[in-house]
Amino acid sequence: MKLKICFSLVLFLLISVSQAQTISNARIYPPFPGPTDHVLLIADLTFPSGTCNLDTVMSSISGGSVHVSLYHCLGMLAVICNASDTVDLGILTPGTYLMSLQVYTGSMTGTSSCSTHSIADQSQFSFTVVPGSSVPENSKASQAVWYDSDQNAFKIREPFRHQAEQLTIRDITGRICLSREVDGPMIRLPGGMTHGIYMFSLLTKSGQVATGKVIIR
3 MKLKICFSLV
13 LFLLISVSQA
23 QTISNARIYP
33 PFPGPTDHVL
43 LIADLTFPSG
53 TCNLDTVMSS
63 ISGGSVHVSL
73 YHCLGMLAVI
83 CNASDTVDLG
93 ILTPGTYLMS
103 LQVYTGSMTG
113 TSSCSTHSIA
123 DQSQFSFTVV
133 PGSSVPENSK
143 ASQAVWYDSD
153 QNAFKIREPF
163 RHQAEQLTIR
173 DITGRICLSR
183 EVDGPMIRLP
193 GGMTHGIYMF
203 SLLTKSGQVA
213 TGKVIIR
């Protein structure tokens, strides 16, 4: 009876591990790349056995869609195997992109080759390549837009204040959180914006764009 219970417990654990999420985290570096930056995809992965060597990388870019497939070959060791893959996507034109990441796994055979791969996990997220240089994290004294915690509002600094036409705020995934015409020196935060790092884009009446990071604390 005890042997049956132990076997059932081991089987349950193996099934749980095999169904666990493979992609622990996926991100773009730098977080706000410019048109001269090499955009890197960094994927942190967890596998149910080791070793977990990267076998093949396939990537393609079509318009605003980026597709990356990672193929890993798993060994027979009964250990949790962690891996971090970095893929250089090259230099991308400014705009917002949809990243589609797929992770495939195969098993090591006796001939040191990998069996046919099957999909283990997938993920999608958006990121933005900004116009101009990659976005620096400027100080409150030098950047065009900064956050005033006392008034819970974004403030526009001179000389941009009288030239500004539209303010756009994006989160780190590239999602637009605020897009509003500028009619004064201050724009209050909409509901739902939490503490964190955001990217602003300030369009002026002459058509120029000022960009930077703004931190809501």
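What the sequence shown shows, in the numbering used here, is residues 3 to 219, in sequence order. Where a beta carbon is used, it is the ideal one built from N, C-alpha and C, also for glycine.
- Take I93, set aside five residues on each side of it, and the residues of its chain with a beta-carbon closer than 8 angstroms to its own are P37, T38, D39, H40 and V41, in chain order.
- The C-beta separation of K215 from M195 comes to about 15 angstroms, leaving the pair out of contact by the 8 angstroms criterion.
- A residue is called buried when at least 16 other Cβ atoms come within 10 angstroms of its Cβ; T95 does not meet this threshold and is exposed.
- Residue state for H40 is assigned as strand, using DSSP reduced to three classes.
- Residues of the same chain with a CB within less than 8 angstroms of the CB of T206, apart from the 5 flanking positions on each side, are F162, Q165, A166, E167 and A212 in chain order.
- The C-beta separation of T48 from S71 comes to about 18 angstroms, leaving the pair out of contact by the 8 angstroms criterion.
- For I63, the enclosing beta strand (DSSP E) begins and ends at G52 to S64.
- DSSP places T88 inside the beta strand (DSSP E), whose first and last residues are C83 to I93.
- Non-local C-beta neighbours of S117 in its own chain, meaning closer than 7 angstroms and more than five positions away in sequence, comprise G108, S109 and T111, ordered along the chain.
- Short of 6 angstroms from the beta carbon of N84, and not among the five residues preceding or following it, lie these beta carbons of its own chain, in chain order: T48.
- When secondary structure is reduced to three states using DSSP, N154 falls in the coil class, being assigned neither helix nor strand.
- For D123, the enclosing beta strand (DSSP E) has its first and last residue at S120 to V131.
- In the three-state scheme derived from DSSP, where H, G and I count as helix and E and B as strand, M101 is classed as strand.
- In the three-state reduction of the DSSP assignment, R29 falls in the strand class, which pools E and B.
- Across the structure, A45 and V89 are spaced so that their CA atoms are roughly 8 angstroms apart.
- The criterion of a C-beta distance shorter than 7 angstroms is satisfied by T98 and G176.
- When the alpha-carbon of L79 is set against those of A146, G52 and A122, the nearest one is in G52.
- DSSP, read as helix, strand or coil, puts R172 in strand.
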